[in-house]
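First residue of the sequence shown? That's 59 in the working numbering, and the numbers climb one at a time after it.
Ideal Cβ placement from N, Cα and C applies to all residues, glycine included.
Remember, it's a predicted structure, so these values are computed and weren't measured experimentally.
In what follows, a single structure is set out as structure tokens and then discussed.
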Amino acid sequence: MLDVRLEGTRSVAPISSYTSKNLLPSHVKIEAGQGGLVRDCLVKLEQSIRMAENSLKQKIGSVSAEIKDKLIDSFNDITGQKE
59 MLDVRLEGTR SVAPISSYTS KNLLPSHVKI EAGQGGLVRD CLVKLEQSIR MAENSLKQKI
119 GSVSAEIKDK LIDSFNDITG QKE
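Dropping the structure here:
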């Protein structure tokens with residue numbers, strides 16, 4: 059499993075409310091209601107970056123363990139880090 063934490067940093071990926079039918083393997087769908095989202099959204103893992111924890115101002119939501127597992131599995135798939 060990918061350890062997404064490095065000392066003092068976090069992995070960050072954009073979330074888009076545009077949920078086209080042309081999904082990529084690096085897209086993970088999050089349904090409305092999860093993490094405080096008001097509509098279905100996509101996490102775009104292909105655009106993920108590392109950020110210093112002190113650059114992040116506040117936590118605005120969280121997702122279920124099931125969604126976290128999907129995010130980690132998808133990230134491992136697109137980076138070739140299979141378990």
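| message | In the DSSP assignment, the alpha helix (DSSP H) including S132 goes from what residue to what residue? | response | For the purposes of this step, residue 132 is identified with residue 74 of the sequence shown, where counting begins at 1. Segment A123 to T137, the alpha helix (DSSP H) holding S132.
| request: Can you have a look at S146 and say buried or exposed, based on whether 16 or more other CB atoms are within 10 angstroms of its CB? | output: Past the edges of the chain, shown from 59 to 141, lies residue 146, and the structure says nothing about it.
| field | S113, DSSP secondary structure in three states | value | Counting from 1 along the sequence shown, the entry for residue 113 is found at position 55. Residue state, collapsed to three classes: helix.
| field | G138 versus E104: straight-line alpha-carbon distance, rounded | value | If you number the sequence shown from 1, residue 138 lands on position 80. If you number the sequence shown from 1, residue 104 lands on position 46. The alpha-carbon atoms of G138 and E104 are separated by roughly 13 Å.
| said: In the DSSP output, what is I118 paired with across the bridge? | reply: As a first step, residue 118 must be located in the sequence shown, where it is residue number 60. The partner list for I118 (beta bridge, DSSP) is empty, contrary to what the question assumes.
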